[in-house]
Amino acid sequence: MTSSTTTKTYRIGQIVPSSNITMETEIPAMLAARQLIRPERFTYHSSRMRMKTVSKDELAAMDAESDRCALELSDAAVDVMGYACLVAIMAMGPGYHRESQKRLRSRTEENGCDTPVVTSAGALVDALGVMKAKRVVVVAPYMKPLTEMVVDYIRQEGIDVLDYRALEIPNNLDVARHDPANLPEIVASLDLSNVDAIVLSACVQMPSLPAVAKVEALTGKPVVTAAIATTYAMLKALDLEPIVPGAGALLSGAY
Numbered sequence: 476m477t478s479s480t481t482t483k484t485y486r487i488g489q490i491v492p493s494s495n496i497t498m499e500t501e502i503p504a505m506l507a508a509r510q511l512i513r514p515e516r517f518t519y520h521s522s523r524m525r526m527k528t529v530s531k532d533e534l535a536a537m538d539a540e541s542d543r544c545a546l547e548l549s550d551a552a553v554d555v556m557g558y559a560c561l562v563a564i565m566a567m568g569p570g571y572h573r574e575s576q577k578r579l580r581s582r583t584e585e586n587g588c589d590t591p592v593v594t595s596a597g598a599l600v601d602a603l604g605v606m607k608a609k610r611v612v613v614v615a616p617y618m619k620p621l622t623e624m625v626v627d628y629i630r631q632e633g634i635d636v637l638d639y640r641a642l643e644i645p646n647n648l649d650v651a652r653h654d655p656a657n658l659p660e661i662v663a664s665l666d667l668s669n670v671d672a673i674v675l676s677a678c679v680q681m682p683s684l685p686a687v688a689k690v691e692a693l694t695g696k697p698v699v700t701a702a703i704a705t706t707y708a709m710l711k712a713l714d715l716e717p718i719v720p721g722a723g724a725l726l727s728g729a730y
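Under my numbering, think of the first position of the sequence shown as 476, with each following residue one higher.
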């Protein structure tokens with residue numbers, strides 16, 4: 476006997492730097508965990524922009540390719556698109572995530588497929604607003620000048636970054652190799668006394684998901700990452716309940 480109800484499957488599109496190997500593991504991992512408690516199912520579809528070294532020039536050249544990626548993914552009629560590079564957006568100047576999201580969505584409209592677009596940069600800023608986090612600390616893998624650019628971008632959005640740590644890893648594949656088990660110790664070196672939330676990874680390439688629950692338990696503070704924020708934004712764009720077990724406060728169902 477066949478069931479009369481069909482489980483809805485959503486197509487998740489990702490615009491990904493060519494050297495990024497984490498966004499296509501952490502977002503599916505979170506949505507797979509969600510599938511254990513909710514009926515919706517997901518498939519994953521990516522388009523890549525060339526980038527190997529995390530430098531301002533390479534990031535700007537990469538961002539110019541995002542329009543092509545949005546077109547390619549709209550050919551597949553994905554249900555939502557996520558731009559999976561936080562620093563590329565933030566390096567383009569304050570508030571650029573709004574411009575990028577609007578432009579990329581217009582590319583999908585021109586292709587006859589009006590698809591909501593989220594960026595990891597916009598998702599992180601919005602997530603901190605949802606969490607009412609006015610004071611944060613940030614961990615980022617970038618060289619110090621790029622990290623300071625990210626910190627300034629967050630501050631321009633009205634969020635006070637009280638402390639931050641730049642891990643200064645220039646090669647993007649090396650960023651992916653950073654062991655998330657090191658993150659609790661890195662966070663312990665930051666001043667958390669007046670902090671509302673911890674941004675454990677301001678980068679969708681630096682793995683962080685395995686450390687989120689531990690850092691929340693050790694610090695008593697809510698923890699968010701760029702990948703967690705992007706997952707939240709995608710679920711909201713799909714009008715689905717933003718809940719994922721084991722993915723920190725933002726996806727706990729509290730928001």
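No residue lacks a Cβ here, since even glycine has one placed at the ideal position from N, Cα and C.
Does the beta-carbon of residue i have 16 or more other beta-carbons within 10 angstroms, so that it is buried, or is it exposed?
| i | result |
| --- | --- |
| Asn646 | exposed |
| Ser664 | exposed |
| Glu660 | exposed |
| Pro591 | buried |
| Pro616 | buried |
| Ser575 | buried |
| Asp532 | exposed |
| Ser493 | exposed |
| Glu501 | buried |
| Val600 | buried |
| Gly488 | buried |
| Asp589 | exposed |
| Ala563 | buried |
Within its chain, find whatever has a CB closer than 6 Å to the CB of residue i; leave out the 5 residues flanking it on each side and keep chain order.
| i | result |
| --- | --- |
| Ala724 | Pro697 |
| Val605 | Tyr730 |
Near residue i, what residues of its chain come up, given a Cβ to Cβ distance below 8 Å and the 5 sequence neighbours on each side ignored?
| i | result |
| --- | --- |
| Lys483 | Pro514, Glu515 and Arg516 |
| Asp542 | Arg578, Leu579 and Arg582 |
| Ala686 | Pro655, Ala656, Leu658, Pro659 and Leu675 |
| Ala508 | Val719, Pro720, Gly721 and Ala722 |
| Arg573 | Gly597 |
| Ala702 | Thr497, Met498, Glu501, Ile502, Met505, Ser595, Ser676, Val679, Ser683 and Leu684 |
Just how far apart, CA to CA, sit residue i and residue j?
| i | j | result |
| --- | --- | --- |
| Asp635 | Glu540 | 32 Å |
| Met476 | Leu715 | Low confidence applies here, because Met476 scores a pLDDT of 44, under 50, leaving its location unreliable; read the following figure in that light. Cα-Cα distance, rounded: 29 Å. |
| Ser478 | Asp554 | The predicted position of Ser478 is uncertain, since its pLDDT is 46 and thus under 50; a value taken from the coordinates is nonetheless stated next. Answer to the nearest angstrom: the Cα atoms are 24 Å apart. |
| Met524 | Val611 | 30 Å |
| Val529 | Ala551 | 29 Å |
| Asp627 | Glu547 | 32 Å |
| Gly633 | Lys609 | 7 Å |
| Ala596 | Ile512 | 28 Å |
| His520 | Lys619 | 33 Å |
| Glu584 | Lys689 | 42 Å |
| Val593 | Leu637 | 26 Å |
| Lys711 | Val670 | 26 Å |
| Leu648 | Ala677 | 16 Å |
| Met681 | Thr497 | 7 Å |
| His653 | Gly587 | 40 Å |
| Met556 | Ala536 | 20 Å |
| Val679 | Thr481 | 33 Å |
| Ser549 | Ile490 | 11 Å |
| Leu561 | Met567 | 11 Å |
| Thr622 | Asn495 | 18 Å |
| Val614 | Leu642 | 8 Å |
| Pro717 | Ala559 | 19 Å |
| Lys607 | Ser727 | 15 Å |
For residue i, list the residues DSSP reports as bridge partners.
| i | result |
| --- | --- |
| Val555 | Ile487 |
| Pro492 | Met524 |
| Val699 | Val674 |
| Asp532 | DSSP, once it has assigned bridges, lists no residue as partnering Asp532. |
| Tyr730 | According to DSSP, Tyr730 bridges with nothing at all. |
| Val679 | For Val679, which the question treats as bridged, DSSP gives no partner whatsoever. |
| Arg610 | Asp635 |
| Tyr707 | Its beta-bridge partners do not exist; DSSP assigns none. |
| Thr518 | Arg486 |
Could you pull out every residue in the same chain whose Cβ sits closer than 7 Å to the Cβ of residue i, ignoring the five residues on either side in sequence?
| i | result |
| --- | --- |
| Ala602 | Val699, Ala704, Tyr707 and Leu725 |
| Ser694 | Note on residue identity: the sequence assigns Thr, not Ser, to residue 694. Taken in chain order, the residues that qualify are Val662, Leu667 and Ile673. |
| Gln510 | Arg516 |
| Arg630 | Val636 |
Subject >> Sequence ranges, beta strand (DSSP E) only - wholly within the stretch 566-595, length at least 3 >> reply: 592-594
Original post:
Considering only residues of the stretch 614-683, which uninterrupted alpha helix (DSSP H) runs meet the minimum length of 4 residues and lie entirely inside it, listed in chain order?
Top reply: 619-631, 647-652 and 658-663
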